[in-house]
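Structure first, commentary second.
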């Protein structure tokens, strides 16, 4: 199964494509994850919001065409009430990503940040560094995944894999 994790953002969107093998494909473990590629989609700071959203839409479509994921895992929005404008702006980026997935007919799974952290570390309030270290260990990466947007996208994909695996068991 191929999972594309996306961490939505208006300036920077993290993405990570993973392959997850289970059952006879990896008899030594119940499941094996392989990171295919991870990176970021960036928009120019000075662009109007509609041009940023168009760039995110185009890049999301390119990712979907290139990786052909079975499912896309997207982090849900979270914002303190003190920053409602941030949530609205992030919602625009997330909406464009969801629309492109729907247009391509690809299943979408959304996860809260606390669920993602709990799925990986066992603690829904884990720090960014704890999440990065867990990802590094699980995927046997030589370095911590950076920037945080990439780590968050990998974490969303791993959470999705954990979710699918728990349903299959």
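In the working numbering, the protein residues as written are 79 to 247.
From the three backbone atoms N, C-alpha and C, an ideal C-beta is built for every residue, glycine too.
C-alpha of residue 193 to C-alpha of residue 128: approximately 31 Å in a straight line.
Distance check between residue 218 and each of 98, 97, 113 places 113 closest, using alpha-carbon atoms only. For residue 113, the secondary structure class from DSSP, reduced to helix, strand or coil, is strand. Taking C-alpha positions only, residue 203 is separated from residue 118 by approximately 24 Å.
Looking at the DSSP output, residue 93 sits in a beta bridge with 84, 117. Comparing alpha carbon positions, the residue from 98, 120, 81 closest to residue 90 is 120. The C-beta of residue 201 has fewer than 16 other C-beta atoms within 10 Å across all chains shown, which makes the residue exposed.
Each residue's CA atom was taken as its position, placing residue 185 and residue 98 some 16 Å apart.
Between residue 231 and residue 94, the CB-CB gap stays under 8 Å. A check of alpha carbon separations from residue 174 across 86, 79, 216 identifies 86 as the nearest. Boundaries for residue 185: no alpha helix (DSSP H) harbours it, while the beta strand (DSSP E) harbouring it runs 185-189, taken from the DSSP string. Residue 153 carries a strand assignment under DSSP once its states are collapsed to helix, strand and coil. In this chain, residue 124 is not harboured by any alpha helix (DSSP H), its DSSP state being neither H nor E.
Listed as beta-bridge partners of residue 98 by DSSP are 111. Less than 8 Å separates the beta-carbon of residue 237 from that of residue 198.
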